[in-house]
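> Numbering-wise (our numbering), the sequence shown opens with residue 3 and increments by one.
Here you go, one structure.
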Amino acid sequence: MSSLAYQLATSVLVVGAGGEGLRAAVEVAESGVAVIAVDRRTADDDHTFPTTGSFARASATVGGDPWEPGAAEASRESLSPTDPRTAQIVARYAEREFHAPGGFGTRTDHRDHGGPARRRFGDPTSLGIRSAGEYTGSQVRRALREHAKQLGVPVLSNVYVTRLLVDDGTVFGAYGFDLVDGSRYLVHADSVILATGGHTRIWKRTTSGRHENTGDAFRLAVEAGARLRNPELVRFHPFGLIGPEHAAGVLVGAAARGEGGALLNNLGERFMTRYDAERWELGTRDRIALASHMEIDQGRGTRAGGVWLDPSHLPPETIPTRLPGVYRTLPDPRTLDITHDPIEVAPTAQYSVGGVRVRPEDHGTDVIGLYAIGEAAGGPHGANRQTENSLVELLAHSRRAGRAAAAYSARLTAHYRSPAAVRAAETDVNRLLATDDDENVRALSRAVRRLTTRFAGVVRDGIGLAAGLAELDEIEERMGKAGVHVDIGGFQDLAHAYDLRSAVLAARATLECALERRESRDRHHRSDHPDPDPGPGVDLVWSPKTGVRREPAPTSPPTLPS
């Protein structure tokens, strides 16, 4: 039942054409090495595009600030486990990337005296942020897209990658299909860069769109022979919209609290005074998410299961002028005008801190020739990813991975190929298309989201995690009987079947590692182990074959400033 329509060859294949994927592809192209990028989405649909807030913090800022303080701060705030080399890499490259050819740094807001504007986005340390108001991410994305186009980087849209092709522990390409007509793609490549995001879509409340952060990078890497690191570490943003349905999960920018927004429970209490008496709403996001969870769990939340973020006491002109993105993101102002009304929000899965285990120096994995960047990669953030460094991390890590993949391809003297691996990938797709049993793929996906939300949300405990794993066993058994149906809408149902596989794998890794991490450490809260482990930090490394393995977290080198 094969319908192979496209057989392509390139030196480097980038899977995912969001911000990080494009940055890596640009680096490869500028190195003079052939590159192709593929993406399941269309060119104008990108997760980086709506990113608001910052580009870089005090690390290597305009004005000659040294990079060392930024590196030290990033290492401190990661709260271990982290690799200090990663913090150094980001800090060293921050200024270079901000002024990179092609305008990746983009225009930023400026003070009257000409320097870049520093804006408060919540945390007290975030006054060192440079930004382009609420549109920094969209500007970076636009600049990258234009530069990739100028370099002639081919970007293939609507292509779903089902499997990475591996021979003797070495990647040699990928197999996939066209989401519209089902045509198969076989792409031979010397190296592959995974840039398809994390796994936050496996939670019920998430900032992710329907077709992003499904955990497919985790599955593709693991099935190829790589391992995951700390998949239980997930950022839950406290300000995700509860409704209406079309806007559920959309973030109310953290600048709303930075400008003076107040958090209230259903009694009208400004409850953050109980959880952070010094900083209130300007505390860390994880503390606010935990506080909101506690208020909701103890019956002081809204009927829909949230809390109120109230900026209505601010001067009416503040929100449209200082928070225009927030103002336009919210529902119809005829029914909710945030200059007068509070906003109903709840903790929402926003960012995969853990991911595919990579080397900090080049983002290579356990599989030769395979690299992972962005949310797909685990390790760069320790237990706490800094929002203030989000975009510069994207650019710096993607640059290094692109350069490493290009160099690896350039020095190869032989090309790996395995007809058996290609046949296995083809057979797997054919088998799914031939399945016509009773189980519904979408219903099973919703079941995964319900169990991760219930048992692996903001707060976890051992009993709940064990119960979640038992439910996951049942879902996995039913998954083999899920039917796939091709209709006038194309091959989306086939993509959902692979997304379900990804979700089950990502959920299992998350729950098993959360059960093993018997401590509370920044993003990871265990009610039955409320304190951090006093010993050295550990990385939890996972694969289906070995389960969870504990590895000592890297320690800071003596040269890293305190």
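The C-beta atom is built at its ideal place from N, Cα and C for all residues, glycine as well.
1) Contact between the stretch 402 to 419 and the stretch 25 to 35: three or more CB pairs below 8 Å?
2) Can you check which of these residues, Val-355, Leu-397, Asp-463, is closest to Ala-145 by C-alpha distance?
3) Taking C-beta to C-beta, are Val-37 and Val-16 nearer than 9 Å?
4) I need the DSSP call for Leu-24, collapsed to helix, strand or coil.
5) Going by the DSSP bridge assignment, what does Arg-359 pair with across the sheet?
6) Hey, how far is the Cα of Gly-366 from the Cα of Gly-356?
7) Flag this pair as yes or no: are the beta carbons of Ala-374 and Ala-223 separated by less than 9 Å?
8) Please report the Cβ distance between Val-506 and Leu-467, rounded to the nearest whole angstrom; I am assuming they are in contact, meaning their Cβ atoms lie under 8 Å.
9) Go ahead and pull the three-state DSSP assignment for Ala-416.
10) Please list the segments of the beta strand (DSSP E) lying wholly inside the stretch 203 to 283, counting only runs of 3 or more residues, in order along the chain.
11) Does Arg-552 pass the burial test, meaning 16 or more other C-beta atoms within 10 Å, or should it be called exposed?
12) In this structure, how does DSSP classify Ser-1 when only helix, strand and coil are distinguished?
13) Does the stretch 214 to 228 come close enough to the stretch 160 to 177 that 3 or more CB-CB pairs lie under 8 Å?
14) Let me know the secondary structure DSSP gives Gly-464 once reduced to three states.
15) Taking all protein chains shown into account, decide if Gly-21 is buried (16 or more other Cβ within 10 angstroms of its Cβ) or exposed.
16) By how many angstroms is the C-alpha of Asn-432 removed from the C-alpha of Gly-303?
17) With a 10 Å radius around its C-beta and 16 neighbouring C-beta atoms as the bar for buried, classify His-2 as buried or exposed.
18) Considering Cα atoms alone, identify which of Leu-266, Asp-192, Gly-211 is closest to Gly-200.
19) Do Leu-235 and Arg-456 have their CB atoms nearer than 9 Å?
20) Are the CB atoms of Ala-509 and Val-443 within a distance shorter than 9 Å?
21) So, at 6 Å on beta carbons, what are the nonlocal neighbours of Gly-175 in its own chain, with the 5 sequence-adjacent residues on each side left out?
22) Just checking my contact of Glu-348 with Ser-294 at CB under 8 Å: how many whole Å lie between their CB atoms?
23) Check the DSSP bridge columns for Tyr-8 and list the partner residues they point to.
24) Would you mind sorting Leu-269 into buried or exposed? The rule is 16 or more other CB atoms within 10 Å of its CB.
25) My assumption, with CB atoms under 8 Å, is that Asp-541 sits in contact with Asn-232. Please give the rounded CB distance.
26) Return the residue from the list Arg-359, Val-369, Gly-371 that minimises the CA-CA distance to Ala-379.
27) Under 9 Å, do Tyr-8 and Asp-170 count as touching if we go by C-beta distance?
28) For the alpha helix (DSSP H) containing Arg-503, name the first residue and the last one.
29) Quick one: Cα of Ala-264 to Cα of Pro-534, how far?
30) Roughly how far, in whole angstroms, is the beta-carbon of Glu-441 from the beta-carbon of Gly-485, given that I think they are within contact range, below 8 Å?
31) Contact defined as beta carbons within less than 8 Å: I believe Gly-464 pairs with Asp-530. What is the distance between those atoms, to the nearest angstrom?
32) Can you name, in chain order, every residue of its own chain whose Cβ lies under 7 Å from the Cβ of His-527, other than the five neighbours on each side?
33) Which whole-angstrom value describes the C-beta separation of Ser-354 and Thr-202, a residue pair presumed to lie in contact below a C-beta threshold of 8 Å?
34) Taking the alpha helix (DSSP H) that Pro-421 belongs to, which residues open and close that run?
35) For a test of the three-state rule: what should DSSP assign to Arg-551, helix, strand or coil?
36) How about Ala-150 and Val-157: do their beta carbons lie closer than 9 Å?
By the coordinates alone:
1) Yes: at least three Cβ pairs fall under 8 Å.
2) Locating residue 145 in the sequence shown gives position 143, counting from the first residue. With distances taken between CA atoms, Ala-145 lies nearest to Leu-397 out of Val-355, Leu-397, Asp-463.
3) If you number the sequence shown from 1, residue 37 lands on position 35. If you number the sequence shown from 1, residue 16 lands on position 14. Against a cut-off of 9 Å, the Cβ pair of Val-16 and Val-37 comes out as a contact.
4) As a position in the sequence shown, residue 24 is number 22, starting the count at 1. It is helical.
5) To locate residue 359, count along the sequence shown from 1; it is residue 357. DSSP lists Gly-380 as partners of Arg-359.
6) Taking the sequence shown and counting its residues from 1, one reaches residue 366 at position 364. Taking the sequence shown and counting its residues from 1, one reaches residue 356 at position 354. Approximately 15 Å between the Cα atoms of the pair.
7) Here residue 374 corresponds to residue number 372 of the sequence shown, with the count starting at 1. Here residue 223 corresponds to residue number 221 of the sequence shown, with the count starting at 1. A contact, by the Cβ cut-off of 9 Å.
8) Residue numbering aside, residue 506 sits at position 504 when the sequence shown is read from its first letter. Residue numbering aside, residue 467 sits at position 465 when the sequence shown is read from its first letter. The pair is not a contact, with the Cβ atoms about 16 Å apart (cut-off 8 Å).
9) Walking along the sequence shown from the start, residue 416 turns up at place 414. In this structure, Ala-416 counts as coil in the three-state DSSP scheme.
10) Assignment of beta strand (DSSP E) within the stretch 203 to 283, counting only whole runs of 3 or more residues, yields 236 to 243, 264 to 266 in chain order.
11) Start at 1 with the first residue of the sequence shown, and residue 552 comes out as number 550. With fewer than 16 other Cβ atoms within 10 Å, it is exposed.
12) The structure shown has nothing for residue 1, since the chain only spans 3 to 564.
13) At 8 Å Cβ cutoff, the stretches touch.
14) If you number the sequence shown from 1, residue 464 lands on position 462. Gly-464 falls in the helix class under three-state DSSP.
15) Residue numbering aside, residue 21 sits at position 19 when the sequence shown is read from its first letter. Flag for Gly-21 reads buried.
16) Your numbering for residue 303 matches position 301 in the sequence shown. Your numbering for residue 432 matches position 430 in the sequence shown. Rounded to the nearest angstrom, the two C-alpha atoms are 48 Å apart.
17) With the chain running from 3 to 564 in the structure shown, residue 2 is simply not present.
18) Start at 1 with the first residue of the sequence shown, and residue 200 comes out as number 198. When only C-alpha atoms are compared, the closest one is Gly-211.
19) If you number the sequence shown from 1, residue 235 lands on position 233. If you number the sequence shown from 1, residue 456 lands on position 454. Judged by beta-carbon spacing, Arg-456 lies beyond the 9 Å limit of Leu-235, meaning their Cβ atoms are not closer than that value.
20) Counted from its first residue, the sequence shown places residue 443 at position 441. Counted from its first residue, the sequence shown places residue 509 at position 507. Against a cut-off of 9 Å, the Cβ pair of Ala-509 and Val-443 comes out as no contact.
21) Position 173 of the sequence shown holds residue 175. Excluding positions up to five away in sequence, the list reads Leu-167, Val-189, His-190, Ala-191.
22) Taking the first residue of the sequence shown as position 1, residue 348 is located at position 346. Taking the first residue of the sequence shown as position 1, residue 294 is located at position 292. Contrary to the premise, residue 348 reads as Ala rather than Glu in this sequence. Indeed, because the Cβ distance is near 7 Å, the residues count as touching under 8 Å.
23) Here residue 8 refers to the residue found at position 6 when the sequence shown is read from its first residue. Its beta-bridge partners are Tyr-187.
24) Residue 269 sits at position 267 when you count from the first residue of the sequence shown. Classification of Leu-269: exposed, given that the 10 Å Cβ count is below 16.
25) Numbered from its first residue, the sequence shown carries residue 541 at position 539. Numbered from its first residue, the sequence shown carries residue 232 at position 230. In this structure Asp-541 touches Asn-232 by the C-beta definition: roughly 6 Å separates them, less than 8 Å.
26) For the purposes of this step, residue 379 is identified with residue 377 of the sequence shown, where counting begins at 1. Of all alpha-carbon atoms in Arg-359, Val-369, Gly-371, the one lying nearest the alpha-carbon of Ala-379 is that of Arg-359.
27) As a working mapping, residue 8 is identified with position 6 in the sequence shown. As a working mapping, residue 170 is identified with position 168 in the sequence shown. It is not a contact, given that the beta carbons lie outside the stated cut-off.
28) Position 501 of the sequence shown, counting from 1, holds the residue named residue 503. Here the alpha helix (DSSP H) through Arg-503 covers 494 to 518.
29) Counting from 1 along the sequence shown, the entry for residue 264 is found at position 262. Counting from 1 along the sequence shown, the entry for residue 534 is found at position 532. Spanning the two alpha carbons is a distance of roughly 29 Å.
30) Here the question's residue 441 lines up with position 439 in the sequence shown. Here the question's residue 485 lines up with position 483 in the sequence shown. Between Gly-485 and Glu-441 the Cβ distance is about 7 Å, and since that is below 8 Å, they are a contact.
31) Indexing the sequence shown from 1 puts residue 464 at position 462. Indexing the sequence shown from 1 puts residue 530 at position 528. Taking 8 Å as the upper bound for CB-CB distance, Gly-464 and Asp-530 are in contact here, some 5 Å apart.
32) Stepping through the sequence shown from its first residue, residue 527 is reached at position 525. For His-527, the CB contacts under 7 Å within the same chain, skipping 5 residues up- and downstream, are Leu-292, Val-460, Val-461, Arg-462 in chain order.
33) Counting from 1 along the sequence shown, the entry for residue 354 is found at position 352. Counting from 1 along the sequence shown, the entry for residue 202 is found at position 200. 6 Å between Cβ atoms; contact.
34) Working through the sequence shown from its first residue, we reach residue 421 at position 419. From DSSP, the alpha helix (DSSP H) with Pro-421 extends over 421 to 436.
35) Position 549 of the sequence shown, counted from the first residue, corresponds to residue 551. Three-state result, Arg-551: strand.
36) Numbered from its first residue, the sequence shown carries residue 150 at position 148. Numbered from its first residue, the sequence shown carries residue 157 at position 155. Note that the C-beta distance between Ala-150 and Val-157 is below 9 Å.
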